[in-house]
Amino acid sequence: MFVVNSPFDAGLCGRREVPLELQTVILNLLEFWGERGCLVQQPYDMEVGAGTMHPETFLRVLGPEPYRVAYVQPSRRPADARFGENPFRLGKHLQLQVILKPSPEEVQELYLESLKALGIDPTMHDVRFEEDNWESPTLGAWGVGWQVLLDGMEITQFTYFQQAGGLDLKPISAEITYGLERIAMFLQRKTSIYDVEWVAGVPYGAVRHRDEVELSRYAFHVADVAMLRRHFEDWEREGFRCLEEEDPLVIPALEAALKMSHLFNLLEARGAVSTTERVALIARVRKLAVATAKAYLAQRERAGFPLLAAGAA
Amino acid sequence: MSGVFLFELLCEEIPANALPGARRQLASRVRDKLAAEGVEPARLDVFSTSRRLSLWVEGLPKATPERVEEVLGPPVSVAYAPDGSLTRAGEGFARAQGVALEALEVVAGPKGKVVAAKKLIPGRALPDLLSEILLQVVPSLHFPKTMRWGEGNFTFVRPVHRVVALWGQGQLAEIVRLSLFGVPSGSATLGHRVVHPGEVDLFGVANLEEYLRRLATAGVVLDPQARRETLRRRAAALAAEVGCTVRSDPTLEEEHVELVEHPGLVRGELDRTWLALPEEVVITTLRHHQKCLVLEKGGALAPYFLAVCDRPDDPEGHVRRGNEWVAEARLADAHFFFQEDLKVPLTAMAEKLTTVAFHAKLGSYAEKASRIEQLAVTMAEALGVSELEGFLRTAARLAKADLGSHMVGEFPELQGVMGGIYAQKGGYPREVFQAIAEQYLPAGQEGPVPTSVTGAILGAADRLDTLAALFSLGEVPSGSKDPFALRRHALSVVRIGGEFPLNLPLADAVRWAAQPFGGSGAPELASFLRERERFFLEWKGLPAPVADAVLAARWGLPADELALGQALARLWQEPVFVQLATAFKRVRNRVSKEGEGEWAPERLGEEAERRLAQEVQRVERQLAELVAEKAWEQALALLASLAEPLDRFFTEVLVMCPDAALRQARLGLLAKVQGLFLQLADVSRLQQAN
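Written out as structure tokens, the structure reads:
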């Protein structure tokens, strides 16, 4: 566990608390969950809207095999981009995603312990679990859970997955998603994301501000709508083609669905999607995601659900 | 009768909005099931916090009462041989019922005499019964949304961790064995996560006060009413410390009660610069993200807020400082959006509406706006306020513009409010910005009606257009299915008509609103609005038969119908109206059966009918004037003056006489009477209730 002893006056410093750098938040959380049986994975190497879309979540939650995994996922929401001007919003932010399958009995206690890895002593704060259910129409997925509020700040999304790829899940996975920038902002008491210390002396803005400006301009003004539409269609065909193989190609099909999802997000940010078309485009992504989920499950079944025998990952 | 029973279910955090319903269901179902076994407890209470549901019952018997059950057997002719001895069938019945042969009796069955066995059913031990009841009731509690967890074998509102079920005489001394959601019952629950994270054993608890006390010691205030009172007291005290009062928000205050196990509040302070934002923006930002109450001083917003927290204290000030930081960050975010919005004129926002669909089959919001414009102008003409036409056109065109703003994108609950603010900042006249701001008032039963004429017209026109549009597609609400909240929209229209009030017949408004859709659905919409008007009249306190009598005669000017109904409600139980109701019932029956005849008073010869004809003509002359003056009580009294001549008419005159011409004239006289009454109320409907 890394503890940084920099004395932030304005920070969360209680008697025992030291606000952490963004980087330490990441390292501590991964170490914490790694010690609790999670495989520490890497971000998916594609544009995705959330950590849920990573195959380590979207596919692993399907079927009977147990799994525990933690990873950081840079997550892109082009429509949330604000040209680097809004103190609170990003077009690309970092999620730290944890999947515990099946959800353990003491999952809330585990989560509260993880806050200690952030230098927060929950007994000195107000921690509340307020209802907040989650749904992803593009993934045919939904879950029930809470947003976790720490002294009024939403720091985590906590979800019991009920369905993914249109399939009822059994066992049920718990998904814990930490919004890393907001947690760091809160710990360091910064009023702008861009002032967050990535490491001492290097603010978030120095690392990421220019990306936000450029990604915003691209998403809102520059992206070539005709090209995006064309690629949306291309990837749709490609994805289904992968599934039509005699031994279906699950990962390439999922990647095609992720491409479609991101292209759709860009089209929407660009203002090129009407309300009715929106529904239709989402349905097309979902169709491929659902087909992929089915193909994955069939593939695992043919393999005899190998992780069942292996016990927890 | 000193049996006590405690049941507590400890879960992960239950959604606040699910708790009141869960408490009601738990109490009523357990009570009903006990009653079905003949058990009436002296006391049955349910409580809840964000993590637990609990039930306390006392004054229970040890067992349900013994009772005698009579089981009917075969007919006497089958059970007994002619010599009076039991047949094999008779003996078999007695054996099967476990009673002695000589204990069989002969009773009257539905199809003649049969043998019967009277059996003594012993009482059931209460712990067994309670266990059985809870096993039925708890898994079938209805929640808005349920879930599975872990291995996925159970479904409930949230994962269940502990089940406490204890029974005793005088004090809780025995665990009632049951298993819910895979969790076996025990005697211990858990305390508050922070204040007392360990077990709390409830064994030996002697009364409700002791149970509540043991939990309170563990940081849990179980009774929602106790939390409500604490929160209210604490809010007032925290406000008073800084010379302020709490801006009332009953919905949010109720939610706070359900959000916690321990009712805590902290006061945060805001940087005063945020008070430069419109009040609605500050309040909504704090409410939406942090569920905070705000404080006010002299009616104006003060730079303080109250945040609920699930703990009694704030030992290191983190809770206050954290909430203050979040409030600052959220307000900075809102400020950003507000400033961005101010860069775009409302007209430019309105242009974006061409791409925002109101409904897949009904075009965009831009099209809706132009329909609202036309309807509002027509309504203004009919109301004799054509001078408002220009304002209404502008307001209607800009009404939905704020749907394209950042602020409404972030806070949908600010729709209309933001449009009004932006219109005011954009230099539009009061008639315009006030109409935009008030267009969503009232929200069904909640909130006030608009205060401006343009707001009332625009608000009614918008809702009427929505209703007409969806009715034209056959989207008529039925039962609990009302996905577009059309009942609420319709009630809003009726309330504007009744409370603003707008002196515009709703039947006309429906016709105009349905015009762009070829008039389809208009009759259904008219009767839908009339039913909402019935709801409105009864909501305003009219007795159901009075509302019914008025609406059977007229509808669509809710203010008039309400005033008329109130006058009728004062009179309807007086003897003269009771008499009138009976007489008018005869009038209606006769006319509906035999037709309206013709008005020919000159043919009427008998004293009683000539007298009635004279009275009718007198009433007709005076009634028109009283109705025009909306002098409802006098108008009703005038109708009441017909009671006596009507009674005399029915006593002395035979309507269905052999002379056809005379018969028609007598029917014509009654039809005239009917016409007069139906300007006000179908008083025959008051009869049954009297």
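Each protein sequence line maps, in turn, to chains A and B.
Each residue of the first sequence is one higher than the last, beginning at 579 in our numbering.
Each residue of the second sequence is one higher than the last, beginning at 58 in our numbering.
Built from N, CA and C at the ideal position, the CB exists for glycine as well.
In terms of CA proximity to A:T716, A:L832 leads the group A:L765, A:E879, A:L693 and A:L832. The closest CA to that of B:V214, considering only B:L403, B:R152 and B:L66, is found on B:L66. Chain-order list of chain B residues neighbouring A:R767: W382, by C-beta distance under 7 Å. With a threshold of 9 Å between beta carbons, A:Q740 makes contact with chain B. Secondary structure in the segment 156-205 of chain B: the alpha helix (DSSP H) runs of 4 residues or longer, each lying completely within the stretch, are 183-194 in chain order. Those residues of the segment 343-377 of chain B placed with their C-beta closer than 9 Å to a C-beta in chain A are H346, Q347, K348, C349, A364, V365, C366, D367, R368, D371, P372, E373, G374, H375, V376 and R377, ordered along the chain. Straight through space, the alpha carbons of B:V603 and B:A84 are spaced by roughly 36 Å.
For A:E811, the enclosing alpha helix (DSSP H) starts and ends at V803 to E822.
Any Cβ of chain A closer than 9 Å to the Cβ of B:M204 would place that residue at the interface, and such an atom is present. Closer than 9 Å to the CB of A:N843 there is not a single CB belonging to chain B. Going by DSSP, B:G239 is part of no beta strand (DSSP E) at all; its letter is neither H nor E. A residue is called buried when at least 16 other Cβ atoms come within 10 angstroms of its Cβ; B:L158 does not meet this threshold and is exposed. Between the C-alpha atoms of B:L524 and B:L582 there is a straight-line separation of about 7 Å. Ranked by Cα distance from B:V240, the first of B:H253, B:C68, B:P77 and B:A79 is B:C68.
As computed with DSSP, A:P656 is found in no beta bridge at all. Rounded to the nearest whole angstrom, the CA to CA distance from A:G779 to B:S244 is 55 Å. Bounds of the alpha helix (DSSP H) holding B:S134 are V133 to A136. Burial is judged here by how many other beta carbons sit within 10 angstroms of a residue's own beta carbon; A:H840 has at least 16 and is buried. Annotation: A:L693 to B:A292 spans about 30 Å, alpha carbon to alpha carbon. Rounded to whole angstroms, the separation of the alpha carbons of B:L449 and B:P486 is 11 Å. By the criterion of at least three beta-carbon pairs nearer than 8 Å, the segment 712-730 of chain B is in contact with the segment 642-651 of chain B. Non-local C-beta neighbours of B:R428 in its own chain, meaning closer than 7 Å and more than five positions away in sequence, comprise D522 and P573, ordered along the chain. Residue pairing from DSSP leaves B:C349 without any beta-bridge partner. In the DSSP assignment, B:V87 falls within the alpha helix (DSSP H) that extends over L76 to A93. DSSP places B:H313 in the helix class (H, G or I) of the three-state scheme. Counting along the chain, B:F734 sits inside the alpha helix (DSSP H) bounded by residues A717 to F734. Here A:V774 carries a coil assignment [DSSP, helix/strand/coil]. Taken through DSSP and simplified to helix, strand or coil, B:H253 comes out as coil. Judged by DSSP in its simplified three-state form, B:K418 adopts coil rather than helix or strand. Against chain A, the CB of B:H546 has no partner CB under 9 Å away; the residue lies outside that interface. Check the Cα spacing between B:G169 and each of B:T451, B:V135 and B:Q472: the tightest is with B:V135. Interface criterion met: the Cβ of A:N711 is under 9 Å from a Cβ in chain B.
In the three-state scheme derived from DSSP, where H, G and I count as helix and E and B as strand, B:D617 is classed as helix.
Taking C-beta separations shorter than 8 Å and ignoring five residues to either side along the sequence, the partners of B:V712 in its chain run R647, E651, R720, R723, L724 and L727, following chain order. Residue B:G130 holds the alpha-carbon nearest to the alpha-carbon of B:A165 among B:H546, B:F592, B:G130 and B:L696. For A:E687, the closest C-alpha among the options A:F736, A:Y772, A:Q673 and A:L672 is that of A:F736.
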